[in-house]
Structures are given as C-alpha cells and as structure tokens.
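The next block holds one structure in the form of structure tokens; read it before the comments.
Chains as they are written, first to last, in our numbering: chain A, 198 to 523; chain B, 14 to 355.
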C-alpha cells in the first residue's frame, strides 16, 4: 500500500457552547474534540475507538462538514476543507461519503430504495436520466442485493438489507473516502459479519479509504490497518491495528482491552481482570493534566498537572502517556 | 437442586383472529446459585421467555403450552396474587434500559425500599439502613445523599447499579438479567457484569443472563442455551459449546464474531441470509433456509432436542468438527455426520 496521505487532521478542536438562562448566554463550553491530529493514508482503513463522549462521532461529523471545526485544519488531498463553500463543498462531499449507525433512521421511510439511491445521482447529475435505473441496479448488485429491492421501502427490509442500501447510497457518488460511523454496531452478530465482509470487499475492489468509527475493539481490529484510541476529546494512542492491541502503550488502551471479553470460555477463565473504576468525566469540565488520570490505575503526580504529548514510542506507534517517558 | 425449570414453553401472539407462535419448545433449567446464559439474536425469543417467567407478558401474548417450574411450582398456573408474592423476594429482574425502567418521579431511596417494606415487612428505618448497605455493595459512594436523588441525577452505569441493588433488595433466589449492559460503554459493562456475577455467587443467587454478546457469555456463564427463531437449538456447558458447537447455527455464530486473538487478515464466515420472519410459516427446522448442511429431512421434520442431555442439540445433522479459533474457521471442512474426535 502506498503511504500517500489523503486526509490530514491537524490540531482539530470542536467546541460546543452550553447556553442557559433567559438570554441564552454561553455559560460553558463542551470540548468535544480537543487538539486531535492524525493522518489517513490513501487506501487504508483508519479506525477510531473510544467510549461514548470521547469525540469520535464529532470528528466524523467535522470531516463530513456537518459541524464546523472551532480550531485547526482538515486537509483533504492537501487542501483545507474546513472553510470551503458552494461548488467546492459539493465537490468535496461527492468524494467523501458516510454510512451511519442506525439503518432505521438514516433512510427516508417514505422513499423506495430506487429513490434513496437515485436522489444523489440526480442531484449531482452523475448519470443521464435513462441510465439511472441501470446504475441503481449495478449498485444494488455491488452490495449483494437482488434488483427487485429497488422497489421496496425501508420497512420492508431487514436491518442488514437496509444497511446495504445505505452503503449503496454512499457508493452512488463514487467516493474516494467513506466515513463509517458505527456502521455495524446496530446489527445482529450473523448479519454484522456479512456487512463487515462486504465493507472489506468494497474497499479492495473500489480502492476506497475508510474512517471506521466504532466501540467494538474486535470489529475495529478486524477491519482497520491503523487505529486511534480516543478518550475525552483527545487521542490517547495511535498505531497499527495489530500492534496497538498486542502491545498497548497507554493504560487506557489496556483497560479497554481488559473490558472486552473474548468469546472463549477457556481463555476467559485464565484472565484476571480488574475493571476500570469510575466513569468518564464530563467533557464540559475535563480534568487537569492527563484527561485519563482520574481513572488511571498507574497515575503519578505529574499526570495531574501536565498533559502528556502524543509521542512516538516506536516508529508508527505513538502514545500520550508520561509512563513512556522513562 | 433445580431452581427454575422451563419445559416445552410456547408463547403465542394473538392479533385479531390470527395466532402466531413466537416461542415454541423452549426448555432449559437452572440450578440454585448457577449462572446460565441465554444467547440469541433479536427475535429469537430469549426476552419473551424471561418475561413469561416473571408473568409480565403483554396482553396479546399468551403462554400456550408448557410449564415454568420455580421450586417445583408452576408459574403459568399461579394466580396473580401468588406471582406477586414471588416477584421481588424470590425472583427479580434487571432490565436492559436503566433509563426507562426506573420511575423518573420517585427518588432512588423510595424505589429501593418499596419492595423491602412490602415484601419483607421492614420498617422505614430498617429499609433505609438496608438501602444504604445495598448502594455501597453496588459501589455507589455518598449513599446517604444519593438516596434522596432522582434517576435523572444518575448516569447510565449508575442507574444500572441501582437496578441491581433493587433486584437484590428482597434477597431473591433468582435474578433474570435481560441484556443488562447492552446500552453501556465497554468499561462500564465490565464493571457492572463483574459486580452482578460476584454478588450473585456470594449470595447464592441463581442468575440468568440474557444476551447477544458471545464474549460476555464466555466470561460469566457456566452453562449456555442458544435460541434461534423461538426455539432452543443447543444447550451445553460453555467450554464444550465454544470448543465444539454441534448445531450449524451456533457454529455459524461463533465463526461470525471477530476476535482479538485471530490472525490479522483472517476472514469472517458469516451465516448467509437473515432470521425468518416470526409470522412466516416454516416447515421443518427453522434454520434450514440458512443452513449449509440442510438435508431433505430438515425441510419437513422439526428436529427434536433431548433437554436432559448434557450437550443438547436440535439438529438432524449435528456437526462433529471442533472450531479452531485462532484461524476463525473449522479445523477441517468435513461436512456433517462424519466422525472425528476432538
């Protein structure tokens, strides 16, 4: 695989104002994303994992230009897209498409599959009127759905089939990059595996680049080349999918790994797990110093005062933890 | 000693003049103090079975056949009054959604002590003392202040801890936990489940863990019941079931989950198709349209299961190939029926 960067996120901050009172004055800020930088290379699947409130979905929405970055830049193919408008924005959105978590609410219940997939084709004038139906048929076939599904409404399909329609809609634009936000989380195990295999096949066949956001570590490890682990708006660790879970360089990654049970009773019987205590602090008032220090089992004095930088502990493996300093 | 025994339970849904059988021939049993997991995908009937045990089925759902024996007494023929005596001090339930299963307009203290005062005849003072003790047991600090608060003051994980405290309040002998951590983050999920397991084993409470997560089952359950489309398809001890599943569905499920210890790049082997619509009439084995090993017999005859067997399977063509988890695929591709010792 070539190591050509497609998307570069530099020091991204996204803050949401908290308004209160009669005059709706801003009384506080939620720091949803707090100084995040990473690079997604062409043709790779980049995973972002973390618990709810860690900012992973906000990053996805910032990349898709559904929320505005408060600070920092998002470079796509070298061009900053945080402020593009009009025609340029339309072109950018054609290249970067999304697949959402809930196939029940991300498809319009009053439209048939044909209309759902056909709409972007018409809006962006990608194919001639006569060819729309053929293109829809091809897209359905690509997502392993029979052509008769073109006439069905979302409620007539199962969750897995709906998710395939969502994927076909994203592919209609012939995008370069797809942002998958918890794209398989709502599906049953047997269906989830089908969709994972489909996503993998499509990435290879169409040379797509994925940003895959998830909370299920084993799914992310399976699908992604590289992974970033997030906590409370910051990247804690980033590395290749294999090495990050084999040799975690951050106590939070280790704790996440401990929390995930392996589907193997014999393996589980031999594990001694100390679940992480406490809960994620509020992002409107994150702790001083390392944001993880309130729950970290290996906390030191230094952690409460200053924020550890994200530094390489190996080539291609960076972690933000003072423990690695020694 | 058997605490709960479900025998050939069937649950029907009545809509107008039509009846649909949503659960058929569900049988399993739980010994006192044991942890049993009921696994299945959505629509497999696992939650309905639990609701039937609690006598909480919605009006249009009726238990149409079978028995639910708790301590030898059939709950399906029990009167409402008798059930009321059992719910709380004998059988308790932890629901999936801690957001909706707590009453938003009553304090946590009220909801915790209600059962104790009603069932155990505790005075307000006694009940409060035990409530404080329970909150500490489930790891909620500053319990005194917390008792006066309302559910909206609590985070999701905290609410689920309160649910567990309520379930334990009247010292039941059986707890049914229906997807108790599905709505929670992984680190909170690990906290809650190890808490629930530990408290149940310390206090000798039988635990039925209803889940779709095969990892949770592996970590917490000794015995596993697998349900598919309203029927039990396999029941065995967890280690046996995971090492050498005999039903093609269980086999397919275990091959579908990505694991942390597989070789990178190994392919998942999903089950083709989707579970049947509960309203469709399907002859023979309900799994036959998705089964790679289906034979003519599977299309016509429903396979029976010997519920008393240590490893019970409802399949005409039981598999005999152990799974090799490191490759995420069976050791050999032998079709069913061929003998091969693990």
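Positions of the beta carbon are idealized from the N, C-alpha and C atoms, including for glycine.
The segment 424-435 of chain A in contact with the segment 509-520 of chain A per 3-pair CB rule at 8 Å = Flag = yes, the segment 424-435 of chain A and the segment 509-520 of chain A touch.
key: Under 7 Å by beta carbon: chain B residues contacting residue 388/A   = Those are 287, listed as they occur along chain B.
request  = Give the single residue among 423/A, 273/A, 298/A whose Cα lies nearest to the Cα of residue 286/A.
outcome  = Of the candidates 423/A, 273/A, 298/A, 273/A places its Cα closest to the Cα of residue 286/A.
ask   = Count the other CB atoms within 10 Å of the CB of residue 113/B; is the residue buried (16 or more) or exposed (fewer)?
value = By the 10 Å Cβ count, residue 113/B comes out exposed.
ask   = Among 267/B, 207/B, 80/B, which has the Cα closest to the Cα of residue 388/A?
value = If we check each option's Cα against that of residue 388/A, 267/B comes out closest.
message = Between the segment 228-248 of chain B and the segment 450-468 of chain A, can you find at least three pairs of beta-carbon atoms closer than 8 Å?
response = Here the segment 450-468 of chain A makes contact with the segment 228-248 of chain B; the two share three or more CB pairs at distances below 8 Å.
ask   = Under the DSSP definition of a beta bridge, which residues are partnered with residue 33/B?
value = The bridge partners DSSP lists for residue 33/B are 26/B.
query = In chain order, which beta strand (DSSP E) runs of at least 3 residues are fully inside the segment 152-221 of chain B?
reply = Taking only runs of at least 3 residues, the beta strand (DSSP E) segments lying wholly in the segment 152-221 of chain B are 187-191.
task = Please state if the CB of residue 244/A and the CB of residue 489/A are separated by a distance shorter than 8 Å.
result = No.
ask   = Just how far apart, CA to CA, sit residue 106/B and residue 128/B?
value = About 13 Å.
query = Quick one: what does DSSP say residue 354/A is sitting in, helix, strand or coil?
reply = In the structure shown, residue 354/A sits in coil (DSSP, three-state: anything other than H, G, I, E or B).
message = Measuring straight from C-alpha to C-alpha, what distance separates residue 164/B and residue 171/B?
response = Here the alpha carbon of residue 164/B sits roughly 9 Å from the alpha carbon of residue 171/B.
message = According to DSSP, is residue 69/B part of a helix, a strand, or is it coil?
response = Coil, per DSSP.
task = Tell me, please, whether the CB atom of residue 418/A is closer than 8 Å to any CB atom in chain B?
result = Yes - at least one Cβ of chain B is within 8 Å of the one on residue 418/A.
query = Can you find at least 3 beta carbon pairs, one from the segment 249-262 of chain B and one from the segment 60-79 of chain B, that sit closer than 8 Å?
reply = Contact fails between the segment 249-262 of chain B and the segment 60-79 of chain B, because fewer than three Cβ pairs, one in each stretch, are under 8 Å apart.
ask   = Does the beta carbon of residue 55/B come closer than 8 Å to any beta carbon on chain A?
value = Yes - at least one Cβ of chain A is within 8 Å of the one on residue 55/B.
task = Output the distance between the C-alpha atoms of residue 497/A and residue 146/B, rounded to the nearest integer angstrom.
result = Rounded to the nearest angstrom, the two C-alpha atoms are 32 Å apart.
request  = Output, in chain order, the set of chain A residues within a Cβ distance shorter than 8 Å of residue 210/B.
outcome  = Simply none; closest approach about 11 Å.
query = Alpha carbon to alpha carbon, what distance is there between residue 296/B and residue 354/A?
reply = The alpha-carbon separation between residue 354/A and residue 296/B amounts to approximately 23 Å.
query = If you scan the segment 438-518 of chain A from start to end, which runs of the beta strand (DSSP E) of 3 or more residues do you find wholly inside it?
reply = With a minimum length of 3 residues, the continuous beta strand (DSSP E) runs that stay inside the segment 438-518 of chain A are 508-511, 514-516.
For residue 210/A, the first and last residue of its enclosing alpha helix (DSSP H) = Counting along the chain, residue 210/A falls outside any alpha helix (DSSP H), though it belongs to the beta strand (DSSP E) covering 202-217.
query = Excluding five sequence neighbours on each side, which residues of the same chain lie with their C-beta closer than 6 Å to the C-beta of residue 191/B?
reply = Cβ within range, chain order: 60, 63, 108, 109, 223.
query = Taking 8 Å as the CB-CB limit, is residue 238/A close to chain B?
reply = Answer no: the Cβ-Cβ gap between residue 238/A and chain B never drops below 8 Å.
message = Any heavy atom of the ligand ATP closer than 7 Å to the beta-carbon of residue 269/B?
response = Looking for the ligand ATP in the displayed structure turns up nothing, as the structure carries no ligands at all.
query = According to the Cβ coordinates, are residue 428/A and residue 247/A closer than 8 Å?
reply = Yes, they are a contact pair.
query = If we ignore side chains and look at the alpha-carbon of each, how far apart do residue 329/A and residue 301/A end up?
reply = Each residue's CA atom was taken as its position, placing residue 329/A and residue 301/A some 25 Å apart.
Residue 256/A - containing alpha helix (DSSP H), residue span = Residues 253-260.
query = Are the C-beta atoms of residue 456/A and some chain B residue less than 8 Å apart?
reply = Chain B contact via Cβ: present.
query = Which one or two residues does DSSP pair with residue 105/B in a beta bridge?
reply = Under DSSP, residue 105/B takes part in a beta bridge, and its partners are 188/B.
ask   = chain C beta carbons: is any one of them nearer than 8 Å to that of residue 163/B?
value = Here chain C cannot be found, since the structure's protein chains are A and B.
key: Presumed contact (8 Å Cβ cut-off) between residue 453/A and residue 414/A, rounded CB distance   = Sure, about 6 Å apart at Cβ, within 8 Å.
task = Determine the chain A residues that contact residue 321/B at a beta-carbon separation under 7 Å, and present them in chain order.
result = Close to residue 321/B, with beta-carbon spacing below 7 Å, lies no residue of chain A; the smallest spacing is near 22 Å.
key: Length at least 4, wholly inside the segment 279-347 of chain B: the alpha helix (DSSP H) runs in chain order   = Complete alpha helix (DSSP H) runs here, min 4: 309-313.
key: Cα-Cα separation between residue 152/B and residue 308/A, rounded to whole angstroms   = When rounded, the distance between both Cα atoms is 49 Å.
ask   = Of all Cβ atoms in chain A, is any one closer than 8 Å to the Cβ of residue 200/B?
value = Under the Cβ criterion of 8 Å, residue 200/B is counted among the residues facing chain A.
request  = Measure the alpha-carbon distance for residue 487/A versus residue 504/A and round it to whole angstroms.
outcome  = Each residue's Cα considered, the two are about 5 Å apart.
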